[in-house]
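Numbering (our numbering), first residue to last: 46 to 467. For every residue, glycine included, the Cβ atom is placed at its ideal position computed from N, Cα and C. Everything numeric in this text was worked out from a predicted model, so none of it was measured. Worksheet for the structure shown next.
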Ligand SMILES: NC(=O)c1ccc[n+]([C@@H]2O[C@H](COP(=O)([O-])OP(=O)(O)OC[C@H]3O[C@@H](n4cnc5c(N)ncnc54)[C@H](O)[C@@H]3O)[C@@H](O)[C@H]2O)c1
């Protein structure tokens with residue numbers, strides 16, 4: 046598993062997998078490790094674990110590698126991130142110290158609040174992409190891996206829109222040659238992975254693989270892709286609560302969300318251009334869940350505000366507040382307050398693991414390009430241009446599980462249930 050960025054989320058993922066495979070902790074939060082799937086009729090009582098139902102890679106077989114602009118090994122990086130307790134890190138110290146970051150493709154233009162020494166030099170972006178390809182091949186060879194998966198868990202890059210450079214493989218490759226500004230570092234990694242047929246997931250909100258050029262390349266090389274921006278804290282809660290309010294046809298006039306966060310991610314997001322990338326990603330969920338075009342009386346004028354404030358004393362332990370202004374029967378107002386004291390990387394780590402394992406499975410099942418069934422894990426799910434993204438967590442879960450049933454030739458579950466009463 047190749048992780049771009051060995052920061053809080055990556056090191057928590059790696060340390061967690063090492064601890065779990067030593068039997069030191071349970072894989073809480075991971076659908077691949079703990080989830081079950083119902084098969085057939087409800088009265089058949091066939092409910093295997095997902096990992097026994099589909100042939101996922103075994104945690105014991107995973108080798109980790111990655112890139113970062115800092116030279117610290119994964120143990121030191123995890124200490125810097127400050128998410129896990131020292132005793133938990135010391136229990137897997139040898140495994141963590143063995144993961145040393147390869148030099149990164151990095152340009153401060155795209156992440157303005159960071160700078161580090163462990164950076165590749167190249168004559169243009171094409172040269173940098175070739176260096177990443179060489180890293181991928183060397184890693185595979187050195188660790189005798191059968192298969193690879195790459196996940197971007199690097200910092201959030203500045204806001205970008207699709208341009209002509211992103212339109213086709215040819216225009217993109219010309220752009221690499223010319224070091225076009227419209228190609229940020231994350232796209233260089235995504236290009237290298239997809240060209241090698243390596244499944245790619247984007248855990249951050251950057252544009253990255255979500256451009257026609259890289260999707261065309263994925264179709265050619267049969268690489269599955271998923272993204273964008275993992276759905277963890279406040280947005281996870283939003284996509285749990287909002288479908289419930291909509292199911293009961295309760296109106297929503299306003300949804301105000303604010304967060305305080307003190308880790309490096311928070312520091313990067315303190316730059317307005319990186320925040321804009323995050324804000325766009327965080328704001329899209331409610332519009333799609335509430336469907337104001339179908340329910341104008343309930344949701345047309347919804348005022349949705351999202352704020353993230355960098356507040357160092359909190360470190361990775363984010364605190365989020367949501368105030369929801371509801372409207373009930375005859376237009377009577379109500380309020381709902383949510384105060385979520387969460388841990389960002391603790392919520393993110395199982396998602397990185399699951400999306401990597403499922404992408405690897407997708408590749409083996411011959412499924413390439415956008416893996417919409419993995420929308421479950423993302424705040425701004427990638428989707429075909431002709432359909433809207435599905436944000437409702439419960440529909441996403443049903444889609445994911447039905448995809449697994451479909452892969453194994455099991456009957457899809459519609460929840461109709463007439464058969465028990467006819
Ligand atoms: N933790 C969550 O709940 C969560 C949820 C959704 C998305 N994310 C996103 O995941 C990403 C990682 O979050 P984090 O908390 O681990 O952040 P972090 O700042 O701790 O780690 C990011 C790492 O990426 C490295 N990096 C930046 N640019 C790089 C490049 N071009 N090449 C290689 N390394 C690079 C940085 O040096 C840093 O070590 C962020 O973009 C964040 O917005 C996190």
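Taking 7 angstroms as the line, does the beta carbon of residue i fall inside it for any heavy atom of ligand 1?
i: residue 156; result: yes
i: residue 371; result: no
i: residue 308; result: yes
i: residue 374; result: no
i: residue 160; result: no
i: residue 437; result: no
i: residue 58; result: no
i: residue 73; result: no
i: residue 46; result: no
i: residue 62; result: no
i: residue 275; result: yes
i: residue 51; result: yes
i: residue 237; result: no
i: residue 212; result: no
i: residue 392; result: yes
i: residue 167; result: no
i: residue 196; result: no
i: residue 253; result: no
Taking C-beta to C-beta, are residue i and residue j nearer than 8 angstroms?
i: residue 444; j: residue 420; result: yes
i: residue 284; j: residue 438; result: yes
i: residue 237; j: residue 178; result: yes
i: residue 128; j: residue 53; result: yes
i: residue 48; j: residue 164; result: no
i: residue 266; j: residue 228; result: no
i: residue 87; j: residue 118; result: no
i: residue 194; j: residue 243; result: yes
i: residue 247; j: residue 303; result: no
i: residue 116; j: residue 162; result: yes
i: residue 46; j: residue 272; result: no
i: residue 135; j: residue 122; result: no
i: residue 334; j: residue 291; result: yes
i: residue 200; j: residue 351; result: no
i: residue 306; j: residue 359; result: yes
i: residue 274; j: residue 235; result: no
i: residue 281; j: residue 300; result: no
i: residue 91; j: residue 101; result: no
Out of curiosity, what's the CA-to-CA distance linking residue i and residue j?
i: residue 264; j: residue 166; result: 30 angstroms
i: residue 424; j: residue 329; result: 8 angstroms
i: residue 130; j: residue 327; result: 30 angstroms
i: residue 175; j: residue 222; result: 11 angstroms
i: residue 288; j: residue 170; result: 43 angstroms
i: residue 434; j: residue 232; result: 22 angstroms
i: residue 457; j: residue 168; result: 52 angstroms
i: residue 436; j: residue 336; result: 11 angstroms
i: residue 95; j: residue 213; result: 37 angstroms
i: residue 203; j: residue 156; result: 6 angstroms
i: residue 279; j: residue 260; result: 29 angstroms
i: residue 67; j: residue 346; result: 52 angstroms
i: residue 58; j: residue 397; result: 7 angstroms
i: residue 270; j: residue 218; result: 19 angstroms
i: residue 189; j: residue 109; result: 12 angstroms
i: residue 369; j: residue 340; result: 18 angstroms
i: residue 55; j: residue 467; result: 51 angstroms
i: residue 82; j: residue 89; result: 13 angstroms
i: residue 378; j: residue 342; result: 14 angstroms
i: residue 133; j: residue 459; result: 43 angstroms
i: residue 399; j: residue 60; result: 15 angstroms
Going by other Cβ atoms of all chains shown within 10 Å of its Cβ, with 16 needed for buried, is residue i buried or exposed?
i: residue 105; result: exposed
i: residue 344; result: buried
i: residue 251; result: buried
i: residue 309; result: buried
i: residue 380; result: exposed
i: residue 394; result: buried
i: residue 149; result: buried
i: residue 65; result: buried
i: residue 72; result: buried
i: residue 210; result: buried
Report yes if the C-beta of residue i is less than 7 angstroms from at least one heavy atom of ligand 2; otherwise report no.
i: residue 305; result: Absent from the structure shown: ligand 2. Ligands present: ligand 1.
Three CB pairs or more closer than 8 angstroms across the segment 65-77 and the segment 390-407: yes
Contact between the segment 359-376 and the segment 313-320 (3+ Cβ pairs under 8 angstroms): no
At least 3 beta-carbon pairs within less than 8 angstroms: the segment 295-308 vs the segment 372-381: With three or more CB-CB distances shorter than 8 angstroms, the segment 295-308 counts as touching the segment 372-381.
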